[in-house]
Every structure is written in structure tokens, then in C-alpha cells.
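Student: Chains as they are written, first to last, in the numbering used here: chain A, 40 to 891; chain B, 5 to 94; chain C, 28 to 211.
C-beta: ideal position from N, C-alpha, C; glycine also.
These numbers come from a predicted model, not from an experiment.
The structure's right below; bear with me while I get my questions together.
Encoded structure:
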């Protein structure tokens, strides 16, 4: 006979509310309040799954998180790849099948329960509803402290105390620095992952019973004694009709009473303190006979369908250990209890601290000739023999035995196997009890799905915020194809009439070079630098001199790292004697502002200058091309746009399209260009006006081609943190007459002065239609020799130039400037493309076009 | 997730801050005077003690101030945080 | 202030969605960033808070502490130039930086007693009324967006960069949708 529902007990179930569920295709019934485990036992199910390696039939061993045997996959009403049956609260329509070993994920993604994350700040966090925290919490509530209690089970052990917030079905997954706890609250509709910051944490997590190993101790019907009592008391389920009790301590007296009260018989109690032990079990798929051995070696066999085992109690100290707390062996209790270590904000109370646990004989397994079915870790199919074999091979540390046998690495995290294994190893080495304790514990306390950890941080909009400019809606309306530039979403190109990217980019480039184009450049970083020492400060941060920039003028500059490598570029506009607007690359804005503050606060606090971010205060509409002046003029403006009045690299304030505007003569493509800086509130208005006036919108792809044709570098494309200004052929940007600036000293270290450094060049493929691959390595011959192949450099950008009617690339090539006119080969995908090495400026080298 | 005590804003989660490495490294008065070895020492060489370490931290998502700290590199715990113009506590 | 027909406020097209979570857009709120040595704070035409993470709000001007030498001054929509003028005047002989940043952040007001529960899902700060009182403000995070929060007794003000507004509203809606009821 196996398990069945009985009339006694059942404190947790509601017998008036039946629940239907399916197990292995069989439709069964349980009650509200059942776990899947109690419902299976009530239905007489003994075999839940097969063991992962040996395929042996396995049943339910425990009533809680320490379950090491009975695992299922759930498919309704939600999917869970593998979970212990004791950890599933029964719900209507649950569908479960036995799952040995490892869970499997479905090919197609399945919907998951939504999860939200929530922060909570409390003075006290109590984990678990075991004994021992009442006085402390009582005082705290009196003081008005916030107290949160989290309990893994659906019910709280006692009446909810006043003034305390209680969460049930809430598992503390881990404790971290400074009282930070992560708690997974599982609900029927959604989960909540709590991030709790607690002043003090009290662990009242109780203790877990551990088994004793004997032959065929994994047969369904062998269970932890405390679990047997719990199934009767809380779920009204009698796991067996005739029970043999195998014990090392007095806790089983109460178990025996509970069994008898429920109508079970107890044909034998094997108490190791009296010399008796269970030697093994017999039965087809379930215990039918229990073999016993006595103090003089006498043998006895008893008919039984249940073995209730109590090897002792281990304090549930995993959360304590994972944050650095240690254990010490307690001889009377024959177990490990928390020692005095651990953080000062953490206290362990009750059974988790070893208080109130029964004194216990130290007994780990029934001795026998054949130890090959004395299972120690059921989930890993590892036996006492496996442990002894590991020691026999020379392993001494339990941590090594763990890695060799995998004991303790499964879902139950060694709750029932850890102490057993450690003491078997100690004994095998001739070491004393407690010489080494169970292997370390790590969070999470129980398995947690990634979807819970992700919470709302998932999906196209919430996982990684995509920043957009005030003109974004216009780009969407226009059908732009977007790309990610750092955190920003920028139009890559604007396809018309189902153009592909190549055609769109060709059209956009041609429009810019022959008529007029417009680019949304609002993402550029912008910083206002204000104060009497603004000029001095910028001189120290940039390679060029900014202090002699006239008000109304603009200068392009580089910022280097202290190591002399190019860090960022941008332009500085002088607004007044003591005021500059500095631009940075889109991706570098935050880093540049942070570095400004770092130098000002930590090195030069005496400088009288302040920095303020204005990146999103201003929208930038960049109008370029031979027709740019006419376009801007047609918007209506009081700014004199003539080349003499507004020369290249100057700016004027005025009104454009009816709104205040700074008109800047800056060009990133070599054509006549007016960057219109307006309040971002006016960005959309000005963009619409410029487009209506006939400028062709172009995106980042065309922008890349146009600037490359002029040999203008993009920090992060041609540079990678190892490139100096001279490498780029831009030694002119370092002002030699200036005082010290960040990176100056590094430019004269031996490495930046090496002769064979990679230098910026253009590559013109011999075949003007051949497109070199970005990132391709440059080699010295058409045929690749055997590795190692000498690598001369790499391709940083590669494009088709509409205006030149041919392909070209930019590259960093060893001693590149001396190689002009020579040939190198770009190698990728097993082929090489021959290229002529040329100066990096392939178009309008004399800058004749920039004034229109 | 450490709790970091910004000297202005009080205690905040570690995620609001950026670690700034070793404290007390003053930019040399005249870098031109240093040999390449001395300059490389300033650029690249850092102490790496097991135990209390003088560090700089930046409250990037808060008040955006740099401040100093003494923190134990073995236990991760902060011993003290103090403003740039304050003396380290004894 | 005469309506500026060429001006568009971010989030103007998501006002209805904001309302479902008890949120309101405050378009074109005037915002000016002031940086000056705190020793001279007394020269300001209105009180500047010296205690970190606090604000002084008289209904017409609010001064938010952003750093030991930095304040954000808030005023009625369109009033940026006026605030710049009065601060430049007050600190005329002192080293300072006064920058109109009115378009640099968008202002959202969250109303209703349920707003703290909603914010607790996104913000690592302790927003319990015992510490988050009506004079409090703070630079912090809502999800992955850097924001400035200002508590105003019956509403909480959120200042966020325009480029993050869609993300923030999407996040507020998603959390609200999952947990329900704000403003009840």
C-alpha cells in the first residue's frame, strides 16, 4: 500500500475546494492548499520520475526545499522546465510530467508570468517564520521601525504579529553587502522581486532534517521522518500504512505518535543509539520489505511500505554562509551550526542557529560490504562508494570531492547530502568529526527563472532605452531606417520608393554634394564652460589653444587621454570672454563632462570655471551643400550668410525661421554648411522648414561616407584608444607652443615616437567596384603565406563614393604615409583585394568647396 | 550592492556611483621634468593592498561630486568616506 | 507668456497615457542651472537651500539643491530669460555660471497617494514619508533613466532628459499595468 488521504490532520488544506490536475497524463484531484507533492501522495503516486544517470524509480523524500528526488516539468498553467514537487503549490489545471536530471527549454519561447521589481527600505528584515525573533521585533515595532518578514511557504507559521509586513510565498534568494536582500515573491498572476535594504537582518530559517545512507535508500517509500509527520499534520496525507522508523535522535517520538494517531502501524523502530540500523529495502517500485541489522549483527526483515529516516537536523544557514558566515561542528547535535562570524548586521536565531535541536548520535551510513547503492546525493545518483572512491583517488578536500562527484551541485544544493559527504570524507581520512564541514553555499537560495531577474528590463523599449531627438517623429513619418549609435536611435538612411540602403545612401550623398542636404545632429554632446578661467581650463583639456579663440569663432580640437591617445573630439565655440560652448561626440558626452568635473574637482579646484551639460537644451539641424545658403535664406533670417560676413568656423546669433538661432559655419563633409543650433523646443519646427525648403534629409550612413571622402576621422572608428594625433596625420592639432595639457607628456614617450606606427591612409581598390570589408587585415601580398601572416594594418571604414564613382576605404597602416602610391592587399573571407595606398583625403583636397 | 555614503547626499546604492581608483595620486607639477619611467609610474602603476585602501569615488547619478574613501579591499566594506578637502579620519 | 506656436514640448502626444497613471506634463517649465560658490548663496534673490537634497519652493520660484555649488531654479513656463536675468544681476560681481536649461529636461508631476508605491518599483531611494518629506529633492534613477525628483506634499515632480521620456513613460505604464491603481 502507498499513500492516501486521511481524515485527521490537513491544517493547510481546504477539503471543500477540490483542484484538478494532471500527472503523467493521469487526471487526479487534490485540494486547495496542497502542494503537488502532497496531492501526488494522496493519490497513491509513488514513482514521480527516474533518476538522472541510473534510471532508478524515484519518489518523494521530503516536504520542502530540501527535496532531492522527485522532480517534474510543468507545462500548464505556466511552463517550468524542472522543479521539485514539494515546491509547487497546487493550482487548477496544473500539468506535470516526471523530469529526471536537467530541465529542457522549449524551442519556441513561451509566455512567462510578468515580474515587477520593487525596492523596500526597512529597519528589520526577518527571513523565515522560525522561532527566536519575537522579542527583537516586538521592540522594533514599539519604536516605530519598519519590519518586513518574508516566508517561503504559503503560510506564516504563527499569527501575523501587529506592525509587521508579512510576505508569504516569498523566498529570500540571497543576502548581499550592507543588509541588501533579494526576495522572490511568487504570485498567481505575477511575481515581485523585492530589493530590500535592511538595517538589520534576522535569519529564522529553521533547520533541515538529513537522512542516513543504506542500501537502496532511494527506493520510493523512504522519506525524511519530519516530512512524514508534516504530510499528516498539514496536508491530511498518510504516506504509508506500515512504517519503520530509522533514527539517531528523539525527534522521531513525535513522528511515531503522529503516525499512530493517523492509523498507521509501526512494526519497528531502528534506533542507532541502541545498536539497530536499517540495512536495506526491497520492493518492485516501492518499499515492501525493510532489512534490519542489530547490535550483534543479527538480521531481521519487516514488511513495511514506509521508512521514516532521521539522521539529524542541519541548521538552514545557507544565506548566512553565502555572505561570509562560517560554521562550527557541534558534537551533541552532530551537526554544523553558525559560528560568531558574518556581518554585524546579521543575526541567526532559533533552529537556524542550532537552538532547540535534538541531541543526536553521529551516524552517517549503515556499514556494509557493498556500498554501491547507499545513495548520498539522489539528484546526482552518487553513493557512499562514490565518495570513498574519490578519497581513494587522492582527494581530501570536500570541495574537490564535490567537483569530482558533483555531489551538492544539483537543485537541492546539497541540503541532505552535504553534511553526510563531509563526515564520510573526514572518517575515510581518519580525521575527527567536524574536521571539515559541508561545501560552501551560494545564492540563489532556490532556483529562480531569468524572467524574474529580468523583471521589466526586457523587450525592445525597456531593456535598453533608446534615446531619441526632438525631431524623431519626423524621421519616423518619413520612413527612416534607424541604427543604434550608443544609446541613441538615429536615422541611418531615408529610403524612398523601396530603395535599398546602397541606393538611398548614394542618392543622399549626391544631393548633399550637388544640391542641399540636411542632417539631424542633435545628439552631439554639448557643454557650457563658464568662468574667468574657462579659457585656461580648455587649454589644459585640449591639444590646441582655445584661449586665443575670438568671440564668435569656432575651433575643432582633440582631447587626449593621459596616455596621449585620442579620447574625444569636438568643436569649441567662444560665446564670450568667459564662456564657451563645447561639443563632443554623441557617445562621448557623458564621459567628457565627467572628465571635466574630475580634473576640476580633484586637481584644479582653484580654477574659476563651471561646466553645465546642455546636450538636450539645443537641437542641431545641419544644412549642407552648394545650395545651403539659399535654403537657410529662404527660411527668413536676420543673419548675413555671405562668406565674408560669416566665414568658415565662425558663428552668429540671430533669428532663423522665426526662432532664436545660433548659425554656425562648421562642416563635417567639406561642402558649404550651416549648423543651426536652436532650442530643442523649436527643433521640429526648423527641421520641417528646412525640408520644406528643399533640403534632402540624409542619415548617419551618408554622413559617414561624406566625412570619409574628406579624410575626417570618427573617434571610435578610426581610433580605438591606441591612436595619437600624429598617427592620424593631424600633428597640426597639437599646439607646440602651449603649456601643459592632458596627454602632452605621453606624446613624447618612446612608443608614440616609434617609426613603424600605424598611420591613417586611404585605400583605393585597383578594381573601383570592389568594396573592401571594414575590419579587414592589410597584408603585403595577394596570396596569403602560411601563418603567421605579417599584418600591416587594418581597414577602419569602407564605402562606395557616389561623387567619385568608385569605392574607397580608410585604414590604419604601418608607416602609412611613406607608403603612398604603393600597394597593399585587404584580406577577408579567404580572399584579398589589391589597393593603392593614398592620402586620406580623396575628395577636394584643397578644400575649395566649403565656402560654396 | 554596496551602500556608499556620499559625504553630501548620505547613503545611496552603489549603482549611483563610479569607482575612481587609487586616491592621493597628484598630477605631477612639471610632467616635462619626469623621465619616461617616472611618467609611466604615475600613469600606470597603482598600489594593490589587501586591506584598507585609499580610493576615490564619483557620485555620477547624484550630486556629481568626487570624494575620498578608505575601503577594505578584502571585505569590500567602506571604513570611511570624506570630502576632498577633509582629512581622512584616524 | 504668449503662446509660442513653433515650440513643441516632448511628451505632448502622450499626455493621455500619462493621465492613466496619475501623471501630468508641465510643458515648458522654466529651468535655470546656477553654479556659484555656496559662500555667496545669500546674495540670491530667493533662498537657496544649503542642505543637500532639499528644495525651497515659494510657488513662484523653486530652488533645488543639485550639488554643493549647483542649484536648479524652476519657474513658470516661458520664464527662463527672466530667471537668468535676476541671477546674473544678483551675482554680478561673483564668479558664477547661469545657464538656461529649460529645454534640457521635461517636467512631469505624479499625483495621488498611490504614486509612492509606483515610484518604489523604479527608484532605489527611501521614499517613506519619515525621510522623504515635502522639502526633499534628489538626483537618482528611475529604472535606467537619470532623473531629478522633487517632493511637493501632494505631488512628486520628475525632471527627465527629453531623450529618455519615451522610455520613462513606457516603463511607468508597464509597471502600473502590472501592479495597478495609482492615484486612488
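Answer yes or no: do residue 451 (chain A) and residue 107 (chain A) have a C-beta to C-beta separation smaller than 8 Å?
Tutor: Taking 8 Å as the Cβ cut-off, residue 451 (chain A) and residue 107 (chain A) qualify as a contacting pair.
Student: Are the Cβ atoms of residue 17 (chain A) and residue 242 (chain A) separated by less than 8 Å?
Tutor: There is no way to answer for residue 17 (chain A), as the model of chain A reaches only from 40 to 891.
Student: Just by C-beta distance, which residues in the stretch 644 to 655 of chain A are closer than 9 Å to chain C?
Tutor: 647, 648, 649, 650, 651, 652, 653, 654, 655
Student: According to DSSP, what are the bridge partners of residue 657 (chain A)?
Tutor: A:718, per the DSSP bridge assignment.
Student: For a contact meaning CB atoms closer than 8 Å, what does residue 640 (chain A) contact in chain E?
Tutor: Judged by its chain identifiers, the structure shown contains no chain E, and its protein chains are A, B and C.
Student: I'd like to know if the stretch 15 to 30 of chain B and the stretch 853 to 871 of chain A are in contact, where contact means that at least 3 CB-CB pairs between them fall below 8 Å.
Tutor: no
Student: Which runs of the beta strand (DSSP E) spanning at least 3 residues fall entirely within the stretch 390 to 426 of chain A, listed in chain order?
Tutor: Segments of the beta strand (DSSP E) lying fully in the stretch 390 to 426 of chain A: 414 to 416.
Student: Residue 155 (chain A) touches chain C at which residues, Cβ-Cβ below 8 Å?
Tutor: 148, 202, 205, 206
Student: Are the stretch 713 to 731 of chain A and the stretch 683 to 697 of chain A touching, with three or more C-beta to C-beta distances below 8 Å?
Tutor: yes
Student: Is the stretch 642 to 662 of chain A close to the stretch 716 to 723 of chain A, with three or more CB pairs under 8 Å?
Tutor: yes
Student: Identify whether residue 858 (chain A) lies in helix, strand or coil by the three-state DSSP scheme.
Tutor: helix
Student: Along the chain, where does the alpha helix (DSSP H) containing residue 548 (chain A) start, and where does it finish?
Tutor: Bounds of the alpha helix (DSSP H) holding residue 548 (chain A) are 540 to 553.
Student: Among the candidates A:332, A:71, A:486, A:288, whose CA atom is the shortest distance from the CA of residue 209 (chain A)?
Tutor: A:486
Student: Which residues in the same chain have their Cβ closer than 6 Å to the Cβ of residue 187 (chain A), if we skip the five residues on either side of it in sequence?
Tutor: If we look at residue 187 (chain A) and ignore the five residues flanking it on each side, its Cβ neighbours are 161, 164, 204.
Student: Determine whether the Cβ of residue 93 (chain C) lies closer than 8 Å to any Cβ atom of chain B.
Tutor: yes
Student: How far does the beta strand (DSSP E) with residue 522 (chain A) in it extend, from its first residue to its last?
Tutor: Residues 520 to 524.
Student: Rounded to whole angstroms, how far is the Cβ of residue 34 (chain C) from the Cβ of residue 55 (chain C), which I believe are closer than 8 Å?
Tutor: The beta carbons of residue 34 (chain C) and residue 55 (chain C) sit about 7 Å from each other, so the pair counts as a contact at 8 Å.
Student: Any C-beta of chain B within less than 7 Å: which residues of the stretch 76 to 91 of chain C qualify?
Tutor: 79, 80
Student: Report all residues from its chain with a CB closer than 6 Å to the CB of residue 211 (chain C); omit the five preceding and five following residues, and keep chain order.
Tutor: Because residue 211 (chain C) carries a pLDDT of 32, less than 50, the predicted location of this residue cannot be relied on, and the following value inherits that uncertainty. Within the same chain, 141 come within 6 Å of residue 211 (chain C) by CB-CB distance, once the 5 residues on both sides are set aside.
Student: Would you call residue 566 (chain A) buried or exposed, if buried means 16 or more other Cβ atoms sit within 10 Å of its Cβ?
Tutor: Taking all protein chains shown into account, residue 566 (chain A) has 16 or more neighbouring C-beta atoms within 10 Å of its C-beta and is therefore buried.
Student: In the DSSP output, which residue or residues are listed as bridge partners for residue 58 (chain C)?
Tutor: C:101
Student: Whose CA, out of A:672, A:254, A:640, A:272, lies closest to the CA of residue 409 (chain A)?
Tutor: A:254
Student: Going by beta carbon distance, what residues of the same chain come within less than 6 Å of residue 40 (chain A), once the five residues before and after it are set aside?
Tutor: In this predicted model, residue 40 (chain A) has a pLDDT of only 48, less than 50, meaning its place in the structure is not dependable; the value taken from the coordinates is given anyway. Closer than 6 Å at Cβ, skipping near neighbours: 280, 344.
Student: Would residue 782 (chain A) and residue 599 (chain A) be called neighbours here (beta carbons separated by less than 8 Å)?
Tutor: Result yes, Cβ atoms of residue 782 (chain A) and residue 599 (chain A) sit closer than 8 Å.
Student: If we ignore side chains and look at the alpha-carbon of each, how far apart do residue 551 (chain A) and residue 764 (chain A) end up?
Tutor: 29 Å
Student: Would you verify that the beta carbon of residue 210 (chain C) is, or is not, closer than 8 Å to some beta carbon of chain B?
Tutor: Unreliable placement is indicated for residue 210 (chain C), whose pLDDT of 38 sits below 50; no coordinate value is reported for it.
Student: Could you compute how far the alpha carbon of residue 444 (chain A) sits from the alpha carbon of residue 142 (chain A)?
Tutor: Distance between the alpha carbons of residue 444 (chain A) and residue 142 (chain A): 20 Å.
Student: Just the Cα atoms here: how many angstroms apart are residue 156 (chain A) and residue 237 (chain A)?
Tutor: A straight line joining the alpha-carbon of residue 156 (chain A) with that of residue 237 (chain A) spans about 16 Å.
Student: Output the distance between the C-alpha atoms of residue 118 (chain A) and residue 504 (chain A), rounded to the nearest integer angstrom.
Tutor: 29 Å
Student: What does the Cβ neighbour count give for residue 336 (chain A), buried or exposed, with the cut at 16 atoms within 10 Å?
Tutor: exposed
Student: Roughly how many whole angstroms lie between the Cα atoms of residue 85 (chain B) and residue 34 (chain B)?
Tutor: 30 Å
Student: For residue 472 (chain A), which three-state DSSP category applies?
Tutor: Note: residue 472 (chain A) maps to coil in three-state DSSP.
Student: What is the C-beta distance between residue 222 (chain A) and residue 176 (chain A), in whole angstroms, given that I count them as a contact (C-beta under 8 Å)?
Tutor: Rounded, the Cβ-Cβ distance is 17 Å, inconsistent with contact.
Student: At which residues does the alpha helix (DSSP H) containing residue 78 (chain A) begin and terminate?
Tutor: For residue 78 (chain A), the uninterrupted alpha helix (DSSP H) run begins and ends at 75 to 81, by DSSP.
Student: Does DSSP classify residue 210 (chain C) as helix, strand or coil?
Tutor: Unreliable placement is indicated for residue 210 (chain C), whose pLDDT of 38 sits below 50; the coordinate value is still reported in the next sentence. Coil, per DSSP.
Student: So, with DSSP's three-state summary, where would you put residue 107 (chain A)?
Tutor: coil
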